[in-house]
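Novice: So the protein sequences, as listed, match chains A and B. Count along the first sequence from 1, add 118, and you get the number used in this note's numbering. Count along the second sequence from 1, add 1, and you get the number used in this note's numbering. I'd like to ask some things about the structure below.
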Amino acid sequence: MKSSKLARTIAAGWAAILGLVFSGTALAIEWNMRPAGSKLADDIHNLHEYVMILCTVIFVGVFSFMFYAIYAHRKSKGHAAAQFHENTTVEILWTVIPALILVLIALPTTRTVIAQKDTSNPDLTIKVTGYQWKWGYDYVKGEGEGISFISTLATPRDQIEGRAPKGENYLLEVDNELVVPVGKKIRILTTAADVIHSWWVPAFGAKQDAIPGFIRDIWFRAEKTGTFRSQCVELCGKEHGFMPIVVRVVSEDEYKKWAGDKLKLMAAAADDPNKTYTMDELKKRGEQVYGKICVACHQANGKGTPPAFPPLDGSKTVLGPKEEQIKTVLFGRKNTAMVAFGPQLNDVELAAVITYTRNHWSNHTGEAVQPADIKALRK
Amino acid sequence: MSAVLPGHGDTHGHDHHDHHGGYSGVMRWITTTNHKDIGTLYLWFSFTMFMVGGVMALAIRLELFQPGLQFFNPDLFNQFTTMHGLIMVFGAIMPAFVGFANWQIPMMIGAPDMAFARLNNWSFWLLPFAGSLLIISFFTPGGAPGVGWTMYAPLTVQMGVGMDLTIFAVHLLGMSSILGSINIITTILNMRAPGMTLMRMPLFCWTWLITAYLLVAAMPVLAGAVTMSLTDRHFGTSFFNAAGGGDPVLYQHIFWFFGHPEVYIIALPAFGVVSQVIPAFSRKPLFGYASMVYATSAIAILSFIVWAHHMYTVGMPVTGQLFFMYATTLIAVPTGVKVFNWVATMWKGSLSFETPMLFAIGFLFLFTLGGFTGLVLSLVPIDIQLHDTYYVVAHFHYVMVAGALFAAFAGVYFWLPKWTGRMYDETLGKWHFWLTMIFFNMIFFVQHFLGLAGMPRRIPDYPLIFETWNKISSIGAFGFGLTQLLFLYIVLKAIRSGDKAPEKPWEGADSLEWTHLPTPVPYHSFEQPPVLK
Chain A
119 MKSSKLARTI AAGWAAILGL VFSGTALAIE WNMRPAGSKL ADDIHNLHEY
169 VMILCTVIFV GVFSFMFYAI YAHRKSKGHA AAQFHENTTV EILWTVIPAL
219 ILVLIALPTT RTVIAQKDTS NPDLTIKVTG YQWKWGYDYV KGEGEGISFI
269 STLATPRDQI EGRAPKGENY LLEVDNELVV PVGKKIRILT TAADVIHSWW
319 VPAFGAKQDA IPGFIRDIWF RAEKTGTFRS QCVELCGKEH GFMPIVVRVV
369 SEDEYKKWAG DKLKLMAAAA DDPNKTYTMD ELKKRGEQVY GKICVACHQA
419 NGKGTPPAFP PLDGSKTVLG PKEEQIKTVL FGRKNTAMVA FGPQLNDVEL
469 AAVITYTRNH WSNHTGEAVQ PADIKALRK
Chain B
2 MSAVLPGHGD THGHDHHDHH GGYSGVMRWI TTTNHKDIGT LYLWFSFTMF
52 MVGGVMALAI RLELFQPGLQ FFNPDLFNQF TTMHGLIMVF GAIMPAFVGF
102 ANWQIPMMIG APDMAFARLN NWSFWLLPFA GSLLIISFFT PGGAPGVGWT
152 MYAPLTVQMG VGMDLTIFAV HLLGMSSILG SINIITTILN MRAPGMTLMR
202 MPLFCWTWLI TAYLLVAAMP VLAGAVTMSL TDRHFGTSFF NAAGGGDPVL
252 YQHIFWFFGH PEVYIIALPA FGVVSQVIPA FSRKPLFGYA SMVYATSAIA
302 ILSFIVWAHH MYTVGMPVTG QLFFMYATTL IAVPTGVKVF NWVATMWKGS
352 LSFETPMLFA IGFLFLFTLG GFTGLVLSLV PIDIQLHDTY YVVAHFHYVM
402 VAGALFAAFA GVYFWLPKWT GRMYDETLGK WHFWLTMIFF NMIFFVQHFL
452 GLAGMPRRIP DYPLIFETWN KISSIGAFGF GLTQLLFLYI VLKAIRSGDK
502 APEKPWEGAD SLEWTHLPTP VPYHSFEQPP VLK
C-alpha cells in the first residue's frame, strides 16, 4: 500500500519533470539516415541496413547464450560449475565463421567504395572553398562557368541567442544557396583557405574534407529536385557550428535560367577597379564587406576578442601607414587566425573595407584607400 | 638483475614491521617506492581527473540541452570538448589501469615490487604536473585550446599559449607512460616467481605486457606529432603548412598512427580485468586461455596497420581506402574470439552476480555493441556518411566508458576487499551498477540516432530536428554524473567503516594474490617468492 503510493509519487514526479523538459519541443524524432537524394546515398543506406541486420542477428545469437547462462547456470539455483576450458573445434569455428561473414560484408562494400571514388566525366565542376566560417563556390567547368559567390549563415543572431523564436531551418539556411541541375554528374573540388573544413551533403552521400593548400574531389548526381541542407563537419574554430551547406537542386531549364541570370547579375555588379571612389562610397561598401567577412572575429564594435582576434579600433596597424595594413589584409599574418584575404576579395572590396576600418569607431585617419593602392601591392 | 632480490623495496633500513618507509603524512606519498602506494596514487589521481573531465562533459551537455547558445560562447565550448577528451583519455582512463597494474602485477606474478621502484615513483609524479598544465591552460590569455582532443593542424597554429601548455602536458604524459611501461615489461619478464611461466600468468598480466609494448611504440609518435605542431607554431617550420611545402594531412597520419594503438592501450587492460572477474564469479576457469593470449597479440599487431580508418574523408586513393577497410574489419575476428571466450567461460558455470560481475557483464554486453558500431564505421561508404557525426561519439563512448570505465569499476569492486581488508556495501554497489547502466545508455544510445540523422560532433548549437535526443542525452548525463558520486561514497564508506572482508572474499578467484596472501595484503608481499606447483 505504502510502496504503491511511493511509486505513484515518483511516477508523477517524473511526469512533471519530463513535461517541463519537453514543453516547447517540436518532438521531431529522427531514428535513421535522412532520405536519400541520389543513388549513391541510397546504396549506402541499403549497405547500412544489410550490415545492421547481420550485426543484430549475431548480437542476439551470442547474447542469447549469455542470458541463458545467466538464467540457468546460476549458483543460487544450485548449478554446479563444469570445469572445461578449451575446445579446439569450437575455437576454430568461431574464428573462421566471422572471417567468412566479413567477406560477405566486404564484397558489396567494395563495389560502393569504387563507385564513390569515380569522379570521371562530370557534367559540371564546382570548386568549394572552406573559409572561417563560410563557404565559397566557384563554377569552374560546365554550364554556368564563371559563377562565383560566398555562402554564409542566414540565421539571425537574435535566434541563436534566444531573443527571437527559431525558424524552421534554424542554422541550416544561407544567403546564397549552391544551385545545381537535377540528374547531372556534379564534381566537387574541395579546398580551404585557412584550416581544414569538411563539406557534406548527407542526402547525396558526399562528404569530403577541405584541406588548405590541396584540392580533393568527390561527386554526386541528384535524383530529385529540392533543397538539401547540412553543415560543416570538421572542427574549424569557434564558429564551426555556424557554417551550413545548402544545395538547391532544380530542373535543367531552371538551372540554365538561373545560371544566365546569375552571370548577368555578376557582370552588372562587377566592381570597376580603375575608378577612383569617394570616401563615402568606400565607407558604405566597406561596412557591408566588414559585416560579412571581418565581423565574426573582429566584432561589430571593432574590439575583437583578444588575444586570438585583436581589436581594430585603435590598432597600430590600422592607424599606421596604409601599405602595412593593405599587406596584412592581402597576405595575412603567418601563424595567426588572420588569413590572406587577397584571393577571397577583389580590389574594390579590399580598398573599401580597409578605408572603413581606418575611418570608423575611434579611428579617424581621414585617409581613403583606392583600388589602385591594392593593385599596386598585389604581386 | 639486482631488482629481483627480495625486500629491495625496503630502502630506508627499517625492519619489515615498519609499514610505510621512513616518512609519514604527505611525505610518505611523495617519496613512496611501494607498488601498492603508487597504485593507490594512480587510482585516486585517475578518479580526480575523472571528476574534472566529467564536469566538463556536464558543461557540454548543459549547453546542448536545447538549441541556441545559452551558457557558453562557442570558443569556451570548444575548449571544454578538447579538454574533456584529453583529460579523460590521458588523465582518467590510462592512469586508472596503470594503477591496477601497479597493485596487481607484482602480486599476481609473485614479485615483491615493481622492477624499478624509484622510476615508478617518478612515473606517477609526472602526472599531477601534466594534469595541472591542462587545467591551467584555461586561465591563460585565449584560454585552453579549442581544437578537439585530436589537435588537428593547422587549427593548432591559431591557438594561444594554452596550446603550448597542452603540448608540454602531452610530452609529460607520454614520458610517464613510457617509463611506466618499461617498468611493467621488465617486471613481468624478469620477476615472475619460479614456476610462473608466461603461459601460466593471469590474463591481466598478459594484456598489460602487450599494452606496455604498444605504449612504448605509440607514445613517442604522439610526442613527435605535437612537437612538430609546436615548431610550426613558433619556429617557422612548415610540417603541416602547404604554403611551406608541408601537408596538414600528414599530422593526421602521424596522430592516428599513435591514436589507433591508443584505443587498444585503453581496451586491453580492461579485457584483462574482465578476464579475471568473469571466471571468478563463474567458478570456472577462463575458457580458451591460449587463444585469449593470441587474440590479444593479434589485436595489438593489427592496431598498427589500421590508423587511416579515422581519415576516410581526407581524400585517400581508392586502394588506400580499401586496404585500411579490410585491415580494420579483420580486427573483428580476434575481438570476436574474446567475446566468445568470455561467454563460454560463463556457460555451464556456477554464476553469482556481485557488483564486480555485474560490471563485467555490463562491459561484455555494451562493449560488444560498441564493437559492432565499430564494424559499421570501418566500412568506407557508411563511414563517409557517419564520420564526424554523433554516431562516432556514441561509438567511442561505448568502447571507452562502457568498455574501459565499466571494467575499471569491476576491478575496483573486485580487488577493494583484498587491498583494504574491508567489504564495500553490496546493495549500494548494485545501485551504482544499475544507475550507471541506465544513465549511460540514456546518454549514448540515443546519440546513434543523432549521428544517423546527421548531427555533426563538436558543435555548441544545433538544428531543431536534433532537439529531442539531445534533451534525453543531457538528462542522462546529469544522472550519470551524480551516480559517480555514489561510487565515491561507496569506496570511502568501505575504506572507513566497511565490514571486515573474509580471508577469501570471492570463492572462485584463483590468482596468487587470493591464494597466497592474507587479506588485507601486507604492505610488503612476496619478499620470498611463492612456491608454485
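Virtual Cβ for every residue (Gly too), placed ideally from N, Cα, C. Quick caveat: nothing in here was measured; it's all calculated off a predicted structure.
Check whether the Cβ of A200 of chain A lies closer than 9 Å to any Cβ atom in chain B.
Specialist: Position 82 of the first sequence, counted from the start, is the residue given in the question as residue 200 of chain A. Judged by the 9 Å Cβ criterion, A200 of chain A is in contact with chain B.
Novice: Does the beta-carbon distance from F346 of chain A to V365 of chain A come in below 9 Å?
Specialist: Along the first sequence, one-based indexing puts residue 346 of chain A at 228. Along the first sequence, one-based indexing puts residue 365 of chain A at 247. Yes. Within cutoff.
Novice: Taking C-beta to C-beta, are L128 of chain B and L180 of chain B nearer than 9 Å?
Specialist: Locating residue 128 of chain B in the second sequence gives position 127, counting from the first residue. Locating residue 180 of chain B in the second sequence gives position 179, counting from the first residue. Their beta carbons are not under 9 Å apart, which means L128 of chain B does not touch L180 of chain B by this criterion.
Novice: State yes or no: is the C-beta of I333 of chain A within less than 9 Å of the C-beta of T243 of chain A?
Specialist: The count along the first sequence starts at 1 and reaches residue 333 of chain A at position 215. The count along the first sequence starts at 1 and reaches residue 243 of chain A at position 125. No, the pair does not count as a contact, with Cβ atoms beyond the cut-off.
Novice: What are the residues of the segment 219-231 of chain A that lie near chain B, defined by any Cβ-Cβ distance shorter than 8 Å?
Specialist: Cβ contacts with chain B: L220, I223, A224, T227, T228, T230, V231.
Novice: Compare the C-beta of A301 of chain B against all C-beta atoms of chain A and say whether one is closer than 9 Å.
Specialist: For the purposes of this step, residue 301 of chain B is taken as residue 300 along the second sequence, with counting starting at 1. Not closer than 9 Å to any Cβ of chain A, the Cβ of A301 of chain B fails to qualify, so no.
Novice: Check whether the Cβ of H524 of chain A lies closer than 9 Å to any Cβ atom in chain B.
Specialist: Because chain A is modelled from 119 through 497, residue 524 of chain A falls outside the range shown and cannot be assessed.
Novice: Would A130 of chain A pass as an interface residue toward chain B - the criterion being a Cβ-Cβ separation below 9 Å?
Specialist: Counted from its first residue, the first sequence places residue 130 of chain A at position 12. No, no contact with chain B.
Novice: When DSSP labels each residue in this structure, what does V275 of chain B get in the three-state scheme?
Specialist: Reading the second sequence from its first residue, position 274 is the one you call residue 275 of chain B. Three-state result, V275 of chain B: helix.
Novice: Strictly under 9 Å for the Cβ-Cβ distance: is R458 of chain B near chain A by that measure?
Specialist: What you label residue 458 of chain B is simply residue 457 of the second sequence in a count that begins at 1. Yes, R458 of chain B lies at the interface with chain A (some Cβ there is under 9 Å from its Cβ).
Novice: Taking only three categories from DSSP, how would you classify P299 of chain A?
Specialist: For the purposes of this step, residue 299 of chain A is taken as residue 181 along the first sequence, with counting starting at 1. Note: P299 of chain A maps to strand in three-state DSSP.
Novice: Measuring alpha carbon to alpha carbon, tell me which residue in B:H254, B:H396, B:R459 is nearest M229 of chain B.
Specialist: What you label residue 229 of chain B is simply residue 228 of the second sequence in a count that begins at 1. It is B:H254 whose Cα lies nearest to the Cα of M229 of chain B.
Novice: Between E485 of chain A and L465 of chain B, what straight-line distance do the alpha-carbon atoms span, to the nearest angstrom?
Specialist: Position 367 of the first sequence, counting from 1, holds the residue named residue 485 of chain A. Position 464 of the second sequence, counting from 1, holds the residue named residue 465 of chain B. Looking at the two C-alpha atoms, the distance is approximately 47 Å.
Novice: In whole angstroms, what is the alpha-carbon distance linking S512 of chain B and P286 of chain B?
Specialist: In the second sequence, residue 512 of chain B corresponds to position 511, counting from 1. In the second sequence, residue 286 of chain B corresponds to position 285, counting from 1. Rounded to whole angstroms, S512 of chain B to P286 of chain B spans 11 Å at the Cα level.
Novice: Among residues of its own chain, excluding the 5 on either side of L429 of chain B, which ones have a beta-carbon nearer than 8 Å to its beta-carbon?
Specialist: Here residue 429 of chain B is taken as the residue at index 428 of the second sequence, counted from 1. Taken in chain order, the residues that qualify are L487, Y490, I491, K494.
Novice: So, using beta-carbon positions, are L223 of chain B and F169 of chain B closer together than 9 Å?
Specialist: As a working note, residue 223 of chain B is residue 222 in the second sequence. As a working note, residue 169 of chain B is residue 168 in the second sequence. No, the Cβ-Cβ distance between L223 of chain B and F169 of chain B is not below 9 Å.
Novice: Taking beta-carbon pairs under 8 Å, can you tell me which members of the segment 207-218 of chain A lie near chain B?
Specialist: Listed in sequence order: V208, E209, W212, T213, P216, A217.
Novice: Consider the Cβ of E148 of chain A: report whether some Cβ of chain B lies at a distance smaller than 9 Å.
Specialist: Translated into positions along the first sequence, residue 148 of chain A becomes position 30. Yes, E148 of chain A counts as interfacial toward chain B.
Novice: Identify the continuous beta strand (DSSP E) that holds Q417 of chain A and give its terminal residues.
Specialist: Reading the first sequence from its first residue, position 299 is the one you call residue 417 of chain A. From DSSP, Q417 of chain A is part of no beta strand (DSSP E); its letter is neither H nor E.
Novice: Just to confirm before moving on: does the CB-CB distance between V340 of chain B and L376 of chain B stay below 9 Å?
Specialist: Here the question's residue 340 of chain B lines up with position 339 in the second sequence. Here the question's residue 376 of chain B lines up with position 375 in the second sequence. No, the Cβ-Cβ distance between V340 of chain B and L376 of chain B is not below 9 Å.
Novice: Between T345 of chain A and chain B, is any beta-carbon pair separated by less than 9 Å?
Specialist: As a first step, residue 345 of chain A must be located in the first sequence, where it is residue number 227. No - not a single Cβ of chain B is within 9 Å of the one on T345 of chain A.
Novice: Counting only beta-carbon separations shorter than 9 Å, does F332 of chain A have a partner in chain B?
Specialist: As a first step, residue 332 of chain A must be located in the first sequence, where it is residue number 214. It does: the Cβ of F332 of chain A has a partner Cβ on chain B nearer than 9 Å.
Novice: Please report the residue range of the beta strand (DSSP E) in which H358 of chain A lies.
Specialist: The count along the first sequence starts at 1 and reaches residue 358 of chain A at position 240. That residue, H358 of chain A, is in no beta strand (DSSP E); it is neither H nor E in DSSP.
Novice: Would you mind telling me which residues of chain B sit closer than 8 Å to C412 of chain A, beta carbon to beta carbon, in chain order?
Specialist: Position 294 of the first sequence, counting from 1, holds the residue named residue 412 of chain A. Simply none; closest approach about 16 Å.
Novice: Could you tell me if V413 of chain B is buried or exposed, where buried requires 16 or more neighbouring beta carbons within 10 angstroms of its beta carbon?
Specialist: Translated into positions along the second sequence, residue 413 of chain B becomes position 412. With 16 or more other Cβ atoms within 10 Å, it is buried.
Novice: Among B:Q386, B:Y425, B:Y392, B:M438, whose alpha-carbon lies nearest the alpha-carbon of F407 of chain B?
Specialist: Position 406 of the second sequence, counting from 1, holds the residue named residue 407 of chain B. Among B:Q386, B:Y425, B:Y392, B:M438, the Cα nearest to that of F407 of chain B is on B:M438.
Novice: Name the DSSP beta bridge partners of S353 of chain B, please?
Specialist: Here the question's residue 353 of chain B lines up with position 352 in the second sequence. DSSP lists no partner for S353 of chain B.
Novice: R423 of chain B by DSSP, collapsed to three states: which one?
Specialist: Taking the first residue of the second sequence as 1, we reach residue 423 of chain B at position 422. Strand at R423 of chain B.
Novice: So, does the segment 296-309 of chain B touch the segment 309-316 of chain A, judging by three or more C-beta pairs under 8 Å?
Specialist: Counting Cβ pairs under 8 Å, fewer than three are found: no touch.
Novice: Quick check on the DSSP output: the alpha helix (DSSP H) that includes G254 of chain A runs from which residue to which?
Specialist: Residue mapping note: residue 254 of chain A aligns to position 136 of the first sequence, counting from 1. Unbroken run through G254 of chain A is the beta strand (DSSP E), 252-259; no alpha helix (DSSP H).
Novice: Where does I279 of chain B land, buried or exposed, given buried means 16+ other C-beta within 10 angstroms?
Specialist: Start at 1 with the first residue of the second sequence, and residue 279 of chain B comes out as number 278. With 16 or more other Cβ atoms within 10 Å, it is buried.
Novice: Sort out for me which residues DSSP pairs Q326 of chain A with in a bridge.
Specialist: Within the first sequence, residue 326 of chain A is the residue found at index 208, counting from 1. Paired residue(s): A:W317.
Novice: Is H172 of chain B buried or exposed, if buried means 16 or more other CB atoms sit within 10 Å of its CB?
Specialist: Position 171 of the second sequence, counting from 1, holds the residue named residue 172 of chain B. That one is buried.
Novice: Rounded to whole angstroms, what is the Cα-Cα separation between Y24 of chain B and T32 of chain B?
Specialist: For the purposes of this step, residue 24 of chain B is taken as residue 23 along the second sequence, with counting starting at 1. For the purposes of this step, residue 32 of chain B is taken as residue 31 along the second sequence, with counting starting at 1. Their backbone Cα atoms lie some 8 Å apart in a straight line.
Novice: Take the Cβ of L383 of chain A as the centre, count every other Cβ of all protein chains shown within 10 Å, and call the residue buried at 16 or more, exposed below.
Specialist: On the first sequence, residue 383 of chain A is found 265 positions in, with the first residue counted as 1. When all chains shown are included, L383 of chain A counts as exposed.
Novice: Using a Cβ cut-off of 9 Å (strictly closer), state whether T516 of chain B contacts chain A.
Specialist: Your numbering for residue 516 of chain B matches position 515 in the second sequence. Not closer than 9 Å to any Cβ of chain A, the Cβ of T516 of chain B fails to qualify, so no.
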